[in-house]
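The sequence shown begins at 0 in numbering that gives the first Met the number 0 and counts up by one.
We treat Cβ as the ideally placed atom computed from N, Cα and C, and that holds for glycine.
Small disclaimer: the values here were computed from a predicted structure and weren't measured.
Beneath this line is the structure, given in structure tokens, with notes to follow.
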Amino acid sequence: MADITELNKLLHNLNDNDFLKDIRAVRISVYKILSLANDGCDVTAALPTVVKLLALGDSFVKRVAGEIITLFAEKNPEMVMLSTNTLLQDSKDINPVIRSLGLRILSSLHSESSIEMLTNAVMQGLEDGSPHVRRQAALTSVFLYQMAPNVVMEGGIWDSLYGHLSDSDSPTVASCLCALEEIFASEKGIVVSNKLGHYLIGKMYSFSPCVQRYVLQFLLKYSPKSKAQVFEHLNDLDNSLTNGTCLPINLCTLELFCHFTSSLPKVKLKAYLSGWKTIKLHFTRERNEEMVTAIIDYLCQTNFPIDVITKDFNKFFCRDDDAQYLMEQKIRILCRLISAENSEHILEEFFIIAKRLEKEALKKMILRLTETVSLKPELERHYVLLLKRLMQLGTSGVIDCLVQVLVKVKFCSQENWLIVAPSLQDHYQEIHSTLGKIALLEVIRSQGEHLPDAPCILEQIMDELDLDTKDSHFNHSLDQDLVKQQHKQLIKVSLLGAMVKMCLHNASKIQPLLSRLMDICMCDKDRNVRDRALFLYGSLCSQVMTLTGTQIT
């Protein structure tokens, strides 16, 4: 009700001739009507008044009025017809902004009854003396194609668009390229002939930077016919690659160079070297974190040769004021650059970064590094020493992350476990999370023979669970948090697995603990815990019989 009242008040003002003399007030009022429409209010009653506003000479009022009419064009064809005449007059206005706006609104109405008029307006717009109008006419041809493909293909519009690829206004060239790409989308876009490719490269430096980026990407569809032509184009575009004033143009040019030299590996490598030399300039010049992040994304997501940038690995070292997301990106690229020659420096950087990273980011860093080391075994010893140093920090979050990663680590040499084990034993008490404790139990299960204090660790975890016979029979108090209970069940299952495995290596110390734990778990209310206990008990009996020939009673 409040919206209707406000709408009526706005219409009352807009129908007052004296009110229309105040353009600022008219702008505010018509914009409020658009806001009401976007909020779901039915403003159909305002359409006749809005159509009249199209006749005003103010471009802002025309644009907003056109948006309102477009919103309700499908259900109000009579309003479309009324507005079409005004828009056709606008397309002949002395002001190029009004002419362009008239084309834009007319195409957005999607009225089949106005196809013929729109066709004439587009043809006139493409030949208009104002570049602003020519750009809009080129883009409008796409909307016309969507409504009537035959009109565009048979009426000569597409041919006119081709002709305007030699337009003196660079945004018009880009608009025509965009339009032709859309029109010929079913045929995989416009075909770049040898003549067109040669022409666009020759005119490259007359285009604005924005248009240059688009044309360079468009030229990826062009393949020169000979090596001589390739080298000619490389010479023509060399300044776009080596001039460090605009990074997007440098990267687009590098991509085009790689396309042209796909069959010339030595020339392609030289292009990468020149490209990297230009990219490096932006690391010292740019303090924009988003720009640096974009560069790292480009290097990681493309086939940029790692060998080209490895020697400059220190350019990706973190600054004291780097944000978390930027540090993560730098870690990402450093993990790709690490080698036997630079591992000492990069791992030292990781050690420094680890003190500033959040818990999840630290975990990602260790996981990335672990994946890298699995592919480069020569780095394993340095990696192990880093893990040891991180553990010796004694920080709860760091220890928690490390033990979760250690579960997934498979060292080539078991001697490396002997380096990590003492630090893990010294600092395991800093592990407080459920996932961390489960990971610790998994490490004990798989590498318990390298941990002399494993029985003590298992006993302490068992005591922390507060699992006595009385609690087991009463299945936990009702006021205990459900999530905490679930975590305890998970730890029980992991504890069972670790104890059964350790019992085979250190039966004298583990057997009393295991016996107590088995009694508790077999009476647990959780079926998964009971089933796991029974299964492991049977498995243990079978292994003992196999090893000793005696049966457990």
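request  = Within its chain, find whatever has a CB closer than 6 Å to the CB of Glu429; leave out the 5 residues flanking it on each side and keep chain order.
outcome  = Residue mapping note: residue 429 aligns to position 430 of the sequence shown, counting from 1. Ser395 and Ile398.
inquiry  = Give me, in chain order, the residues of the same chain whose beta-carbon lies closer than 6 Å to that of Phe18; leave out the 5 immediate sequence neighbours on both sides.
reply    = On the sequence shown, residue 18 is found 19 positions in, with the first residue counted as 1. The answer, listed in chain order, is Asn12.
request  = For Ser342, collect the residues of the same chain with a Cβ closer than 7 Å to its Cβ; drop the 5 residues on either side in sequence, then sort them by chain order.
outcome  = Start at 1 with the first residue of the sequence shown, and residue 342 comes out as number 343. Closer than 7 Å at the Cβ level, and outside the excluded window around Ser342, lie Leu378 and His381.
message = Just verifying my parser: in three-state terms, what is the DSSP assignment at Asn14?
response = Position 15 of the sequence shown holds residue 14. If DSSP states are grouped into helix, strand and coil, Asn14 belongs with coil.
key: Complete alpha helix (DSSP H) runs within the region 336–394 (minimum length 4 residues, chain order)   = 342–353, 358–374 and 379–390
message = By the three-class DSSP mapping on this structure, what secondary structure does Asp467 have?
response = Here residue 467 refers to the residue found at position 468 of the sequence shown. With a pLDDT of 43 at Asp467, under the threshold of 50, the modelled position of that residue is not reliable, and the figure given next carries that caveat. Coil at Asp467, not helix or strand.
task = Taking Asp41 as the reference, give the member of Tyr204, Asn7 and Cys299 with the closest Cα.
result = Indexing the sequence shown from 1 puts residue 41 at position 42. Here the closest residue by C-alpha is Asn7.
request  = Specify the secondary structure class of Leu53 as computed by DSSP and reduced to three states.
outcome  = Along the sequence shown, one-based indexing puts residue 53 at 54. Residue state, collapsed to three classes: coil.
key: Nearest neighbour of Asp15, chosen from Asp2, Lys51, Lys91 and Ile3 [CA to CA]   = As a working note, residue 15 is residue 16 in the sequence shown. Comparing Cα-Cα distances from Asp15 to each of Asp2, Lys51, Lys91 and Ile3, the minimum goes to Lys51.
request  = Within its chain, find whatever has a CB closer than 7 Å to the CB of His475; leave out the 5 residues flanking it on each side and keep chain order.
outcome  = If you number the sequence shown from 1, residue 475 lands on position 476. Legend: pLDDT at His475 = 47, less than 50; position of this residue unreliable, no value from coordinates given.
Cutoff 7 Å; reference Lys469; Cβ partners in own chain excluding five residues on either side = Counting from 1 along the sequence shown, the entry for residue 469 is found at position 470. Unreliable placement is indicated for Lys469, whose pLDDT of 45 sits below 50; the coordinate value is still reported in the next sentence. Nothing meets the Cβ criterion.
ask   = Starting from Phe259 and walking both ways along the alpha helix (DSSP H), at which residues does that stretch end?
value = Sequence index remark: in the sequence shown, residue 259 carries index 260 (1-based). Counting along the chain, the alpha helix (DSSP H) containing Phe259 begins and ends at Leu246 to Phe259.
ask   = Who are the Cβ neighbours of Gln391 in its own chain at under 7 Å, not counting the five residues just before and after it?
value = Here the question's residue 391 lines up with position 392 in the sequence shown. Hits under 7 Å: Ser422.
message = If I measure Cβ to Cβ from Glu448 and keep anything under 6 Å in the same chain, skipping five residues before and after, which residues do I get?
response = The residue you call residue 448 lines up with position 449 of the sequence shown. So the list reads His504, once near-sequence residues are dropped.
request  = Could you say which of Lys362, Gln459, Ile200 and Thr433 lies nearest to Gln488 if we only look at CA atoms?
outcome  = The residue given as residue 488 occupies position 489 in the sequence shown. The candidate whose alpha carbon is nearest that of Gln488 is Thr433.
key: Helix, strand or coil at Tyr297 [DSSP, three-state]   = Along the sequence shown, one-based indexing puts residue 297 at 298. Helix.
request  = Go to Tyr30, then tell me how far its alpha helix (DSSP H) extends in each direction, as first and last residue.
outcome  = Indexing the sequence shown from 1 puts residue 30 at position 31. From DSSP, the alpha helix (DSSP H) with Tyr30 extends over Ile22 to Asn37.
request  = Count the other CB atoms, across all protein chains shown, that sit within 10 Å of the CB of Met544; report buried if there are 16 or more and exposed otherwise.
outcome  = The residue labelled residue 544 in the question sits at position 545 within the sequence shown. Label assigned to Met544: exposed.
ask   = Pairing CB atoms from the region 246–264 with CB atoms from the region 209–219, are three or more of them under 8 Å?
value = With the cut-off at 8 Å, the region 246–264 and the region 209–219 touch.
ask   = Of the choices Ile93, Gly154, His281 and Lys220, whose alpha-carbon is the least far from that of Asp191?
value = In the sequence shown, the residue the question calls residue 191 occupies position 192. Checking the displayed sequence, the identity of residue 191 turns out to be Val instead of Asp. Ranking Ile93, Gly154, His281 and Lys220 by Cα distance to Val191 puts Lys220 first.
request  = May I have the straight-line CA-CA distance separating Thr4 from Ser34, to the nearest angstrom?
outcome  = Here residue 4 is taken as the residue at index 5 of the sequence shown, counted from 1. Here residue 34 is taken as the residue at index 35 of the sequence shown, counted from 1. Approximately 14 Å between the Cα atoms of the pair.
inquiry  = Taking its Cβ as the centre, do 16 or more other Cβ atoms sit within 10 Å of Lys491, making it buried, or is it exposed?
reply    = If you number the sequence shown from 1, residue 491 lands on position 492. Using a 10 angstroms sphere on the CB of Lys491, the tally of other CB atoms reaches 16 or more, which defines it as buried.
ask   = Between the C-alpha atoms of Val96 and Val79, what's the straight-line distance to the nearest angstrom?
value = Taking the sequence shown and counting its residues from 1, one reaches residue 96 at position 97. Taking the sequence shown and counting its residues from 1, one reaches residue 79 at position 80. Near 21 Å, if we compare the C-alpha coordinates of Val79 and Val96.
message = Suppose contacts are defined by Cβ-Cβ distances below 8 Å. Is Thr369 in contact with Lys329 by that definition?
response = Reading the sequence shown from its first residue, position 370 is the one you call residue 369. Reading the sequence shown from its first residue, position 330 is the one you call residue 329. For Thr369 and Lys329, no; Cβs fall outside 8 Å.
message = Counting only C-beta atoms, is Ser262 closer than 8 Å to chain D at any point?
response = In the structure shown, chain D cannot be found, because there is only a single protein chain.
query = Hey, quick one: how far does the alpha helix (DSSP H) through Asp127 stretch, first residue to last?
reply = Position 128 of the sequence shown holds residue 127. It is not in any alpha helix (DSSP H) - Asp127 carries neither H nor E in the DSSP assignment.
Minimum length 4: unbroken alpha helix (DSSP H) runs contained in the region 40–115 = 46–52, 58–70, 76–89 and 95–107
ask   = Exposed or buried, what is Leu535 when buried is set at 16 or more other beta-carbons lying within 10 Å of its beta-carbon?
value = Translated into positions along the sequence shown, residue 535 becomes position 536. Buried, since its Cβ has 16 or more Cβ neighbours within 10 Å.
inquiry  = I need the DSSP call for Asn193, collapsed to helix, strand or coil.
reply    = For this step, residue 193 is matched to residue 194 along the sequence shown. DSSP places Asn193 in helix when its eight states are reduced to three.
ask   = Going by beta carbon distance, what residues of the same chain come within less than 6 Å of Phe473, once the five residues before and after it are set aside?
value = What you label residue 473 is simply residue 474 of the sequence shown in a count that begins at 1. Confidence at Phe473 is low in this model, with a pLDDT of 47, below 50, so the placement of that residue should be treated as unreliable; the coordinate-derived value is given next. Non-local C-beta neighbours of Phe473 in its own chain, meaning closer than 6 Å and more than five positions away in sequence, are absent.
ask   = CB-CB under 8 Å to Cys299, same chain, minus the five flanking residues each way: which ones, in chain order?
value = For this step, residue 299 is matched to residue 300 along the sequence shown. Excluding residues within five positions, the ones whose Cβ falls inside 8 Å are Arg331, Ile332 and Arg335.
ask   = How is Val404 classed by DSSP in three states: helix, strand or coil?
value = Locating residue 404 in the sequence shown gives position 405, where the first residue counts as 1. In the structure shown, Val404 sits in a helix (DSSP, three-state: H, G or I).
task = Under 8 Å Cβ to Cβ from Gly456, same chain only, skipping five residues before and after it: list those, please.
result = Locating residue 456 in the sequence shown gives position 457, where the first residue counts as 1. Per the sequence presented here, residue 456 reads as Ile, with Gly not at that position. The answer, listed in chain order, is Gln424, Tyr427, Leu439, Ile443 and Leu450.
task = Excluding the 5 residues preceding and the 5 following Ile509 in the sequence, name in chain order all residues of the same chain whose CB lies nearer than 8 Å to its CB.
result = Numbered from 1 along the sequence shown, position 510 holds the residue referred to as residue 509. Within the same chain, Ile509 has close Cβ partners Pro454, Leu457, Met498, Met501 and Cys502.
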